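Chains as they are written, first to last, in the working numbering: chain A, 313 to 695; chain B, 313 to 695. For every residue, glycine included, the Cβ atom is placed at its ideal position computed from N, Cα and C. Note that the structure is predicted; figures quoted are calculated from it, not measured. Each remark here refers to the structure printed beneath this line.
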DNA sequence: GAACTTTGTTTGGCCGTCGACCTAAGTCGG
DNA sequence: CCGACTTAGGTCGACGGCCAAACAAAGTTC
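As structure tokens, then:
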């Protein structure tokens, strides 16, 4: 029992437009190696379902001017969700990964998948109606969760801070409740993808560091997200740091990065409650907080030196709550030490530019790329 | 100007046999979603050029028995070369990556590409004739070099120990001299691929550590070799180790792993010339050498802890000259410390089983996988 | 405004694939 | 041992996607 074979090659043609460059039928024919006549039919098909539209009328060079065609970013919508420990961000994105609408809800992830996801669905419907768009315009859901995820099945895998979520089948829920496929991943991973999409679209090797209450990394290598054998790649929190001798970590070991340089550790040291409070102190110019954050940067930089040697990224991006100038300065001081091997010295260092939208953008991009793949577009054309 | 489109889908069918399982025409039709009649023609085509052959005559279940077909591993040959600093291994492999013939030559890589590669070509021809095979049976060259390689172009990239090789176009040389495409990579990378192919074929996330004169890592993640932005991923030699305070490294920094735990450092400490001498001492039961190697294992284990946290491999493999029991014990003592995060505790640790053949096997596998890809097989059918 | 250039559309034909039918070659039960 | 049954392999007409060529459209250039 197999599918009756793709009804047409329109989805292959669609892939040629994924780079965003508007093209004429003649250019598409050349690129695809198809006859102009065939391309004409395929383009008509794509325009017919609204995925592609003519744009930029004419640029004649002595003959009949050609229409240029491009993907219509507004043709369909992506639902993107970024779940943290205490709140969820729900966003509707267009196909260019622009955030069209965003809403944050405060609700502990520990409330469990039923309560959280019901909230997500309701919020999604509200956002759609505020945009004046139909639910049927949604083609995929991307969702990030604060814990390890088995990417192939989209199920959380023994997450430490998400009681009730272990093994929950998010894609099945999405198909049942919203009628769209879902792509689930770790929250740091989606932030890495989001940041790369916005700030470093041409860089295939990016190491994204989330420094908030905890510390984690998302790895994009060779243009692909690296998840590791059990979906726990990027767990930098419990790597040992030189300065940590004698400092006990909650995990039982001593000298863990998280016990010294995380938002949680800094908050404790500075006598405030949360990582956000630390950021506020630093923002208000508090000298003690600034110095502490800079030291955290040096500790983090030490760990990053090893990471950079191992995976050789082109750029390291620091993101989330505490990616503030003092932290970046501290990291830079260690990472750009003059007496260092090549890989380290040539690496770029940047602070995130996406702010708190990295997560939803990344989740949206992952879901979109799946939905607009050759197979995905074939499915869209069939429905 | 485009190619006249693939003349047939035989190469797609070929891919279905890449897993080594012999299949009947009916099974292939089911898998490919093609009609039995079509499969019959494609199979005939593949059998015609010798890439596929009937094997295992009959297994009737009440009807006419079917022939099973499988790739003929001896149909074509792969040339695989592993270049070290002081010697080259040249091997001829079949399509199952079995080493059919192997020869080692001693010649400094610093003699330059012309001298070394001329030697390689001559050795290859000698091996082929000893096997009674024609040069035209070769379909690809895989070659590992002791330095960073820009994988897309196959050119060495500012290699520190390979004077004369910077930017040398190995694929062009191969096409000119042998008439086959070449795949070039770093020597540690090819060892990682070789070891994975032989010992861990079902594991998609492997961290391979080469510990010989120097220390380097090859990373297979998500089933793919990770090379990093500049082809220098896996450069663990100059990561800082806790025990290294006060120990100067040749790179100028202090406390580098290589300054403490490499074969070069051990040889110096033990008063012998090379890493091989250290291995000999350990093999003869020398207590001082054994203790030193075990300590090197603990130092290496410390670095591996960070690496495992970052990329979450399923297995760490220790290979090359010094991957002896004392080293493995030292690594294990640190890596399996009871108070450790999940990812570290669940990682596997093994010593290489391929010995000095890991390099040529890996180089062969990389070249073979390229040559037997859909496009590669299409090219084979056309010639 | 005539010649030229390039695009877009229509049309007949080619080629690959399908599916139905037929033959081949075995098993199974009497 | 033989005939019914089952499954595999091969042949052939039909269908359909794609191509190339011819044609129509819509500009530029002189």
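1. With a cut-off of 8 Å on the beta carbons, I'd call residue 325 of chain A and residue 354 of chain A a contact; round off their distance for me.
2. What's the C-alpha gap between residue 599 of chain A and residue 524 of chain A?
3. Count the other CB atoms, across all protein chains shown, that sit within 10 Å of the CB of residue 635 of chain B; report buried if there are 16 or more and exposed otherwise.
4. Any C-beta of chain A sitting closer than 8 Å to the C-beta of residue 615 of chain B?
5. Quick check: is the beta carbon of residue 498 of chain A nearer than 8 Å to any beta carbon in chain B?
6. So, does the stretch 337 to 351 of chain B touch the stretch 626 to 642 of chain B, judging by three or more C-beta pairs under 8 Å?
7. Anything in chain A within Cβ reach of residue 400 of chain B, meaning under 9 Å, just list it in chain order.
8. Below 8 Å between beta carbons is the criterion; list the residues of the stretch 502 to 532 of chain A that meet it against any residue of chain B, in chain order.
9. Report the three-state DSSP secondary structure of residue 538 of chain B (helix, strand or coil).
10. Quick one: give me the first and last residue of the beta strand (DSSP E) that residue 381 of chain A is part of.
11. So residue 401 of chain A and residue 672 of chain A are in contact, right, with Cβ under 8 Å, and what is the actual spacing, rounded?
12. Keeping to the same chain, check which residues put their C-beta closer than 7 Å to that of residue 398 of chain A; ignore five residues upstream and five downstream.
13. Decide if the stretch 487 to 503 of chain B is in contact with the stretch 606 to 622 of chain B; the criterion is three or more beta carbon pairs, one per stretch, under 8 Å apart.
14. Could you check whether residue 519 of chain A and residue 619 of chain A sit closer than 8 Å to each other, using their CB atoms as the reference points?
15. Give the straight-line distance between the Cα atoms of residue 380 of chain B and residue 508 of chain B, rounded to the nearest whole angstrom.
16. So residue 464 of chain A contacts chain B; which residues on that side make the cut at Cβ distance below 7 Å?
17. Please tell me whether residue 566 of chain B and residue 558 of chain B are closer than 8 Å, where the distance is taken between their beta carbons.
18. So the candidates are B:378, B:460, B:360, B:624; which of them puts its Cα closest to the Cα of residue 339 of chain B?
19. Quick check: the stretch 526 to 539 of chain A against the stretch 532 to 545 of chain B, are at least 3 beta-carbon pairs closer than 8 Å?
20. Determine, for residue 551 of chain B, whether the minimum Cβ-Cβ distance to residues of chain A falls below 8 Å.
21. In its own chain, which residues sit with a C-beta less than 8 Å from the C-beta of residue 332 of chain B, not counting the 5 before and 5 after it?
22. Does the beta carbon of residue 317 of chain A come closer than 8 Å to any beta carbon on chain B?
23. Per DSSP, residue 474 of chain A is paired with what?
24. Strictly under 8 Å for the Cβ-Cβ distance: is residue 554 of chain B near chain A by that measure?
25. Verify the CB distance criterion: does residue 352 of chain A have a CB-CB separation below 8 Å to chain B?
26. Is it the case that the Cβ atoms of residue 482 of chain B and residue 678 of chain B are separated by a distance below 8 Å?
27. Apply the 10 Å Cβ neighbour rule to residue 319 of chain B and answer buried if 16 or more other Cβ atoms are within range, or exposed otherwise.
28. On a CA-only basis, which of A:670, A:395, A:675, A:431 is nearest residue 511 of chain A? Give me that one, please.
29. Quick one, are the C-beta atoms of residue 556 of chain B and residue 528 of chain B less than 8 Å apart?
30. So what does DSSP say about residue 316 of chain B, is it helix, strand or coil?
31. Return the residues of the stretch 561 to 582 of chain A that lie within a Cβ-Cβ distance of less than 8 Å from chain B, sorted by chain order.
32. Within 10 angstroms of the Cβ of residue 437 of chain B, are there 16 or more other Cβ atoms? Answer buried if so, exposed if not.
33. Which chain B residues are close to residue 548 of chain A, counting only those with a beta carbon under 7 Å from its beta carbon?
34. Under 8 Å, Cβ to Cβ, is there at least one residue of chain A near residue 540 of chain B?
35. List the endpoints of the continuous beta strand (DSSP E) containing residue 528 of chain A.
36. Could you spell out the range, first to last residue, of the alpha helix (DSSP H) harbouring residue 658 of chain B?
Let me spell this out:
1. Going by Cβ atoms, the distance from residue 325 of chain A to residue 354 of chain A rounds to 5 Å, so yes, they are a contact pair.
2. Their Cα atoms are separated by approximately 20 Å.
3. Per the 10 Å Cβ criterion, buried.
4. Contact of residue 615 of chain B with chain A is assigned, a C-beta pair being separated by under 8 Å.
5. Output row for residue 498 of chain A: interface = no.
6. Verdict: no, contact absent.
7. Taking the beta carbon of residue 400 of chain B as reference, no residue of chain A falls within 9 Å; the closest one sits roughly 25 Å away.
8. Cβ proximity to chain B below 8 Å picks out 515, 516, 517, 529, 531 from the stretch 502 to 532 of chain A.
9. Here residue 538 of chain B sits in strand by DSSP.
10. Per DSSP, residue 381 of chain A belongs to the beta strand (DSSP E) from 380 to 383.
11. Contact check for residue 401 of chain A and residue 672 of chain A: beta-carbon distance about 5 Å, within the 8 Å limit, so the pair qualifies.
12. For residue 398 of chain A, where only same-chain residues beyond five positions count, the Cβ hits under 7 Å are 418, 420.
13. Two segments are said to touch when three or more pairs of C-beta atoms, one from each, lie closer than 8 Å; by this definition the stretch 487 to 503 of chain B does not touch the stretch 606 to 622 of chain B.
14. Residue 619 of chain A places its beta carbon less than 8 Å from that of residue 519 of chain A.
15. Residue 508 of chain B has its alpha-carbon roughly 28 Å from the corresponding atom of residue 380 of chain B.
16. In chain order: nothing, as chain B lies at least about 11 Å away.
17. Yes, the Cβ-Cβ distance between residue 566 of chain B and residue 558 of chain B is below 8 Å.
18. Of the listed residues, the one whose Cα sits closest to residue 339 of chain B is B:378.
19. Between the stretch 532 to 545 of chain B and the stretch 526 to 539 of chain A there are three or more inter-stretch CB-CB distances shorter than 8 Å, so the stretches are counted as touching.
20. So, interface residue.
21. Cβ neighbours of residue 332 of chain B beyond the five flanking positions: 382, 383, 408.
22. The pLDDT assigned to residue 317 of chain A is 39, lower than 50, so where the model puts this residue is not dependable; a value taken from the coordinates is nonetheless given after this. Cβ-Cβ to chain B under 8 Å: yes for residue 317 of chain A.
23. Answer by DSSP bridge pairing: none, since residue 474 of chain A is not bridged.
24. Residue-level contact by beta carbon holds for residue 554 of chain B and chain A, with a gap shorter than 8 Å.
25. No, residue 352 of chain A lies away from the interface with chain B (no Cβ there is under 8 Å from its Cβ).
26. Taking 8 Å as the Cβ cut-off, residue 482 of chain B and residue 678 of chain B do not qualify as a contacting pair.
27. Its pLDDT being 49, under 50, residue 319 of chain B is placed unreliably in this model, and the coordinates cannot settle the point.
28. For residue 511 of chain A, the nearest C-alpha among the options comes from A:670.
29. No, these two residues do not count as a Cβ contact at 8 Å.
30. With a pLDDT of 35 at residue 316 of chain B, under the threshold of 50, the modelled position of that residue is not reliable, and no figure is offered here.
31. Those residues of the stretch 561 to 582 of chain A that come within reach of chain B (Cβ to Cβ, closer than 8 Å) are 563, 564, 565.
32. Exposed, by the Cβ-count rule.
33. Chain B residues near residue 548 of chain A: 621, 622.
34. True, the Cβ-Cβ gap to chain A drops below 8 Å.
35. Per DSSP, residue 528 of chain A belongs to the beta strand (DSSP E) from 527 to 533.
36. Here residue 658 of chain B belongs to no alpha helix (DSSP H), and DSSP marks it neither H nor E.
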